[in-house]
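*Asks:* Heads up: the sequence shown begins at 58 in this note's numbering, then just goes up one per residue. Here a beta-carbon is modelled for each residue, glycine too, at the ideal position from N, C-alpha and C.
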Amino acid sequence: MKEKLKRTTRVAVFAVALYIQFNAGAQNAKDMVRISGGTFTMGSPSNEQGRDGDETPHTVTVSDFSIAKTEVTKAQWDAVRAWAVQHGYTDLPVGRNGSQPAGTSGTHPVTEVAWFDALKWCNAKSEMEGRTPSYSFGGQKVYRTGPSPEVPFGASFGLVSDWRGDGYRLPTEAEWEYACRAGTAAAFSTGPVTVGEKGVCSLLDPNLDKAGWYCGNSGGATHPVGQKQPNAWGLYDMHGNAMEWCSSFYGPYGSSPQTDPIGVPGGTDVVLRGGNFGEDAVFCRSAMRFALPADVADVHIGFRVVTPGALAKGFPVIRAQTARTAYGACPEKQLGSEGIVVVTHGRVPRGLLDTLPPTNVPWVDEMTNSIVSYLASRGINGWQTHAHRWIEKAWTTDVELFLGTTLNRAEEEGRNLGRCIVASGWKHVHLIGHSAGATLIQ
């Protein structure tokens, strides 16, 4: 089943302009492990038993993130799927309880779910917990339906991933290997390969036997998650049991150092990691790479999820952004006000090198005044209006438009505005925006 696994995910620069729902599912914190970022050698040395030629060792630095302790179980899949189908998601398969027959306990990793299915499930879990979904079409339409995206993943107008948001997503190939190794450099997190012949499962590898289910000890079946020894960072079944989808498409490694690599910009085969219950020991190594088409659903394949850490730096988006030290003014709640209507603009261009004077967006005041007049004429009380303007640091240059980073500042402005609104305690909020920077409202 070893087809070269392809790494990637399309770099995403889509932002949510106004982020009103906070709470990021703290009730699930016990299921996640916070991983502190660091630098490690990705790939395998030339003398590692069972290695393949696509495992070129190279130095990689990753930022902080959180990762699930275990593979997503069938029970977890079912709980999110039940919510999803009630909230506009379609084409989410029932999945399977590992390799077990239908109707068995949902403690095994969910299998028979394609990569596309895993992305939609991540979005559903994010929305269910009040997080910002990670996958969308161009940052405007949340990926909720269809067996595969409407346009090729990786195209500029296609499915993109919000690396900076708080939603659940699949790990990059680099994140996965960093988490699997947990500070180790051997073939397994528990030591080197001791039984290294490919195609041989009759002998038990004592190092792998501690950490994972593979053909030498699985009995040809999956097992409930979390039964084997966790690695040093508290993660279970990183070796064996179910092979795990990553976000990255398969592509060759370079030899140069990298920081937060997300993979090549597109492809047909997606990376899977970890090996599975039916593989030889050497196929479950930390550095082993697999690749399959994104629409494959197989009994050997599952996944686990990640989110940015609470203090994570987030993934670089083409270039560093100017530090934000101030934001547009927060609306002050007036006595007797239970609802608020916020009118705000989108991207305000400043020219190629930030040299043009800003546009004063007069329509914001015009619309706000119109709403005030309408409410007064209808005798509607208890509503407050607010014309929200971004400060200069939120305006964007044509360079950022070219680089695709124009919405990052909109996201920051929106989050800050959202915090203000939530903290003030309005019971009803109505948001009116214009252009890409303001209409992507959650």
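Quick one: give me the first and last residue of the alpha helix (DSSP H) that S183 is part of.
*Replies:* That run of the alpha helix (DSSP H) goes W172 to M185.
*Asks:* By a C-beta neighbour count over all protein chains shown, 10 Å radius and 16 as the cutoff for buried, is T463 buried or exposed?
*Replies:* Legend: pLDDT at T463 = 47, less than 50; position of this residue unreliable, value from coordinates given subsequently. Result: buried.
*Asks:* Pull up the distance between the alpha-carbon of W178 and that of A141, whole angstroms please.
*Replies:* Near 8 Å, if we compare the C-alpha coordinates of A141 and W178.
*Asks:* Quick one, are the C-beta atoms of A244 and S183 less than 8 Å apart?
*Replies:* No, the Cβ-Cβ distance between A244 and S183 is not below 8 Å.
*Asks:* Taking the alpha-carbon of F173 as reference, which of I124, Q133 and L227 has the nearest alpha-carbon?
*Replies:* Of the candidates I124, Q133 and L227, the one whose C-alpha sits nearest the C-alpha of F173 is L227.
*Asks:* Can you look up T127 in the DSSP assignment and give me helix, strand or coil?
*Replies:* T127: coil per DSSP, three-state reduction.
*Asks:* What separation, rounded to the nearest whole angstrom, lies between the Cα atoms of V137 and M185?
*Replies:* If you take the alpha carbons of V137 and M185, they lie about 8 Å apart.
*Asks:* If you run the structure through DSSP and keep just helix, strand and coil, what is T118?
*Replies:* T118: strand per DSSP, three-state reduction.
*Asks:* Would D326 pass as a contact of L349 if the rule is Cβ separation under 8 Å?
*Replies:* Contact flag set, yes.
*Asks:* I'd like the list of long-range same chain contacts for T247, defined as Cβ closer than 6 Å, with 5 residues on each side in sequence excluded.
*Replies:* If we look at T247 and ignore the five residues flanking it on each side, its Cβ neighbours are N264, K267 and A268.
*Asks:* Are there three or more Cβ pairs, one per stretch, closer than 8 Å when the stretch 328-336 is compared with the stretch 87-103?
*Replies:* With the cut-off at 8 Å, the stretch 328-336 and the stretch 87-103 do not touch.
*Asks:* Report the residue ranges of all alpha helix (DSSP H) runs contained in full by the stretch 127-166; include only those spanning at least 4 residues, in chain order.
*Replies:* The qualifying runs are 131-142.
*Asks:* Only counting the same chain, and skipping five residues up and downstream in sequence, which positions put a Cβ closer than 6 Å to that of S101?
*Replies:* Excluding positions up to five away in sequence, the list reads R108, E112 and A344.
*Asks:* My output table needs one value for V252: the three-state DSSP class, helix, strand or coil.
*Replies:* V252: coil per DSSP, three-state reduction.
*Asks:* Going along the chain, which residues of its own chain have a beta-carbon closer than 6 Å to the beta-carbon of G145, five neighbours each way excluded?
*Replies:* Same-chain partners within the cutoff: R201.
*Asks:* Please report the distance separating the alpha-carbon of P309 from that of H445.
*Replies:* Roughly 47 Å between the two C-alpha positions.
*Asks:* Could you check how far apart the C-beta atoms of G359 and V199 are, in whole angstroms? I think they sit under 8 Å.
*Replies:* No, G359 and V199 are not in contact; Cβ-Cβ is about 23 Å, not under 8 Å.
*Asks:* Output the residue ranges of the alpha helix (DSSP H) runs that lie fully inside the stretch 245-322 and measure 4 residues or longer, sorted by chain position.
*Replies:* With a minimum length of 4 residues, the continuous alpha helix (DSSP H) runs that stay inside the stretch 245-322 are 263-268.
*Asks:* Going by CA-CA distance only, name the one from G482, Q157, V356 and T425 that's closest to L488.
*Replies:* Looking at the Cα atoms, T425 is the closest of the given residues.
*Asks:* Beta-carbon separation of T364 and Y225 under 8 Å?
*Replies:* Yes, Cβ-Cβ distance for T364 and Y225 is below 8 Å.
*Asks:* Within the chosen definition, does the stretch 150-159 reach the stretch 390-401 through at least 3 CB pairs nearer than 8 Å?
*Replies:* No: the two stretches stay apart, fewer than three of their Cβ pairs being nearer than 8 Å.
*Asks:* Among G276, T251 and L176, which one has its Cα closest to the Cα of T229?
*Replies:* Measuring from the Cα of T229, the nearest candidate turns out to be L176.
*Asks:* Quick check on F79: does DSSP put it in helix, strand or coil?
*Replies:* In this prediction, F79 has a pLDDT of 27, which is less than 50 and means its spatial position is unreliable; what the coordinates show is noted afterwards. In the structure shown, F79 sits in coil (DSSP, three-state: anything other than H, G, I, E or B).
*Asks:* With which residues is I478 paired in a DSSP beta bridge?
*Replies:* DSSP, once it has assigned bridges, lists no residue as partnering I478.
*Asks:* Suppose you measure from the CA of E234 to the CA of M99; what does that come to, to the nearest Å?
*Replies:* Using only the alpha carbons, I get a separation of about 7 Å.
*Asks:* Under the DSSP definition of a beta bridge, which residues are partnered with Q441?
*Replies:* Note: Q441 sits in a beta bridge opposite I397.
*Asks:* What are the residues that DSSP puts in a beta bridge with I489?
*Replies:* According to DSSP, I489 bridges with V400.
*Asks:* If I follow the unbroken beta strand (DSSP E) through R91, where does it start and stop?
*Replies:* R91 -> beta strand (DSSP E) spans M89 to I92.
*Asks:* Helix, strand or coil for A217, going by three-state DSSP, please let me know.
*Replies:* First, the residue type needs correcting, since residue 217 is Val and not Ala in the sequence shown. Here V217 sits in strand by DSSP.
*Asks:* For Y192, which three-state DSSP category applies?
*Replies:* Y192 falls in the strand class under three-state DSSP.
*Asks:* Who are the Cβ neighbours of A367 in its own chain at under 6 Å, not counting the five residues just before and after it?
*Replies:* For A367, the pLDDT reaches just 42, beneath the cut-off of 50, and the residue's location in the model is therefore unreliable, although a value from the coordinates is still provided. Correct list: empty, nothing qualifies.
*Asks:* Taking DSSP's pairing of strands, which residues face K198 in a bridge?
*Replies:* Answer by DSSP bridge pairing, in chain order: F194.
*Asks:* Rank H485, S305, T161 and F194 by C-alpha distance to the C-alpha of T279 and give the top, closest one.
*Replies:* Here the closest residue by C-alpha is T161.
*Asks:* So, using beta-carbon positions, are H165 and P314 closer together than 8 Å?
*Replies:* Result no, Cβ atoms of H165 and P314 do not sit closer than 8 Å.
*Asks:* Please confirm whether G490 and T401 have their CB atoms less than 8 Å apart.
*Replies:* Going by C-beta atoms, G490 is nearer than 8 Å to T401.
*Asks:* Which partner residues of D326 appear in the DSSP bridge assignment?
*Replies:* Answer by DSSP bridge pairing, in chain order: P350.
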